[in-house]
Amino acid sequence: MALVRRFVIAFTLIATTLAVAPISRADAAGGGSRINPSTGLRVGFMPMRHAVGRSTASFAPRSSPPAVNLQYFGGPLVTSAAVENVLWGASGTYLSQVALPVAPGDINTAMSDMFASQWGKNLASYSAGGYTIGAGTVTGRTSITPSLAASGTTVEDSAIQAELLSQIAAGHLGTPTANTIYTLHFPQGTTVCDAGMGASPEACSPVQGADNTNAFCGYHGATSATDPATGLHILYVVLPYADAYYQGGCGPHSGALNATESVASHELAETITDPQVSLATGPQAPLGWYDLNYGENGDICQSGLSPAANSVESVNYQDGSGTWFSVQQIFTPQWKACVPAPPRGLSVAQTPGGRFRLTWAAPLDASQNPVHGYAIFRLNGNSWQYITQVGSTTLSYQTGAYTLGSTQTFNILGLGQDATDPSSEKQSNSSHAVAVSTPGAVTWIRTLRGGTSPVIGWATAPANYSAVTKYMITGPGGSRYVSPSARSFGWSNLRRGRYLITVRAVNRLGTGTARSFYLVN
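Quick note on numbering: the sequence shown equals residues -28 to -1, 1 to 493 in mature numbering (1 follows the signal peptide of the UniProt record, and there is no 0).
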């Protein structure tokens, strides 16, 4: 499988020579899994992004958040996942790639590709407690006809659990094992809720126009009751229909299928490594791999939640037939980082003629997930335009000259061994344009020496991506200009008194924000 690791940078061309800093993508995942008020544990929910309502149960921002400490608490693990995609009602409207084996990339193929990729192989690093995690498989696709209690426009989690056990008992879903995971796809117009969480408003899948404060993109769990025939708590994943509103808050890539794949990968990774989190009553078995601050391995990598989260969160793979699919990053015990990782440290330096030099470092996990090259893309309207590809040892690229005043967004992708034609990758990615402007105000200004020959000093002003060319000091006798390296200025034979002193930095775009104080000598 071809791994594609993203790092995005945006900058605005205002003058012919600018220095531009890297930027990061906006927060894309909200505050982590929902917290069960009775146990204090996060319970497998993936919330919507902050654009449509951050979870009120998420942790408050910390100035110094605790380090990630993902631990194994002794619970069962899924050693060889057997995933059955289940359509919740044969007559509903589903994504064609979910309901039918269509090209490109139906959901069965995408999940099979996930398990065969390096992303899937990374799950082996969670083997613990006598459980050895191996390759997962997709066993098929099934439609069920749920009972009236589980088939309305709103379906509660309690009804889902009861219906799942009933369908198994009736022989409609085969005989489950400890490795069976039922991924439940709900049709368009169905809202899934969980009153048992005790949240207000109730935790539900997103509905446009509703209060989505506690909305979730998907979740995983285990039935509270056991299947009488096998004695097993049945494992399941809930995947709501990915309408346009859902896509806006779930999964960082464009399109319904991408959003579904992204959320499914998150929940599958957590089901395999922490299958019975919904049954846990505290930090002990049946809890599996879990961090008491940040939740499960997918939660840790949601942007803005933990110190390990980065600006990427979701990455693309390409299968052998050239079809792209999306997966979310997971935090691995081996790397103690969110992987697959993107190229690191993307930055831009000014060069003559209005051109810029992009530089970056290899991904953190490049030794395990080898990079066979890097592709450079530029955002052209709403799609990524392929520029060129460089080798695996080349960690820089010289851009061409662009129209002054335009905004340019570049994307660096780390490519796996199968990515022979990166120009086929058209997925967009979130980014922010860097505003290049006149300098900011110096951070401080003060008297260094008093008397009739006073001296003032100041700190460096933020250049705002266009280098400071000089400083302007306004005071007794008018304005003076000093070099950009100067950090002090003095007057001679100055009569004692009280003088207003102002310092401004200047760059190619003009004079920056003033900072003033009164000099009393």
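Even glycine gets a Cβ: it sits at the ideal position worked out from N, Cα and C.
If you check the CB distance, residue 415 and residue 481 do not come in under 8 Å. The C-beta distance from residue 178 to residue 124 rounds to 18 Å, too long to meet the 8 Å contact threshold.
In this structure, the alpha-carbon of residue 317 lies about 31 Å from that of residue 228. In this structure, residue 475 and residue 487 form a Cβ contact; the two beta carbons are roughly 6 Å apart against a cut-off of 8 Å. Across the set 47, 97, 170 and 158, the C-alpha of 158 shows the shortest separation from the C-alpha of residue 58. Here DSSP, grouped into helix, strand and coil, assigns residue 199 to coil.
In the DSSP assignment, residue 57 falls within the beta strand (DSSP E) that extends over 54 to 60. DSSP places residue 92 in the helix class (H, G or I) of the three-state scheme. At a cut-off of 4 residues, the continuous stretches assigned as alpha helix (DSSP H) that sit fully inside the region 180 to 266 are 216 to 221 and 228 to 245. Taking the Cβ atoms as the reference, residue 211 lies roughly 5 Å from residue 190, within the contact range of under 8 Å. When DSSP assignments are scanned along the region 112 to 188, the uninterrupted stretches of alpha helix (DSSP H) that are 4 or more residues long and fall wholly within it turn out to be 129 to 141. In the DSSP annotation of this structure, the continuous segment of the beta strand (DSSP E) that includes residue 450 starts and ends at 450 to 454. According to the DSSP secondary-structure assignment, residue 302 is paired through a beta bridge with 311.
In the three-state reduction of the DSSP assignment, residue 80 falls in the helix class, which pools H, G and I. Between the C-alpha atoms of residue 439 and residue 73 there is a straight-line separation of about 56 Å.
Listed as beta-bridge partners of residue 272 by DSSP are no residues whatsoever. At the C-beta level, residue 120 and residue 263 stay beyond 8 Å of one another. For residue 97, there is no enclosing beta strand (DSSP E), as DSSP marks it with neither H nor E. Contact between the region 42 to 55 and the region 96 to 111 is established, with three or more Cβ pairs separated by less than 8 Å. With 16 or more other Cβ atoms from the protein chains shown falling within 10 Å of its own Cβ, residue 192 counts as buried.
In its chain, beyond the 5 residues on either side, 443 have a beta carbon closer than 8 Å to the beta carbon of residue 458. Going by C-alpha positions, residue 428 is about 46 Å away from residue 350.
Of the other Cβ atoms in all chains shown, 16 or more fall within 10 Å of the Cβ of residue 436; this residue is therefore buried. Cβ-Cβ distances below 8 Å link residue 145 to 56, 58, 114, 116, 136, 139 and 154 in the same chain, with the five nearest sequence neighbours on each side left out; the list follows chain order. For the set 239, 472 and 247, the Cα lying nearest the Cα of residue 274 is the one of 239. Burial state of residue 40 is buried, judged by a 10 Å Cβ sphere holding 16 or more other Cβ atoms. Annotation: residue 63 is outside any beta strand (DSSP E) and is labelled neither H nor E by DSSP. Taking the Cα positions, residue 237 is about 14 Å away from residue 246. Closest option to residue 412, judged by alpha-carbon separation, among 448, 131, 293 and 483: 483. From the listed residues 71, 249 and 90, the smallest Cα separation to residue 45 is found for 249. In this structure, the beta-carbon distance from residue 244 to residue 367 does not fall below 8 Å. Between residue 386 and residue 346, the C-beta spacing is below 8 Å. Between the beta-carbon of residue 232 and that of residue 214 there is about 5 Å, and that keeps the pair under the 8 Å contact cut. Contact annotation, residue 91 with residue 299: C-beta distance approximately 5 Å; criterion of less than 8 Å satisfied.
For residue 492, the three-state secondary structure derived from DSSP is strand. For the pair residue 62 and residue 37, the Cα-to-Cα distance works out to about 47 Å.
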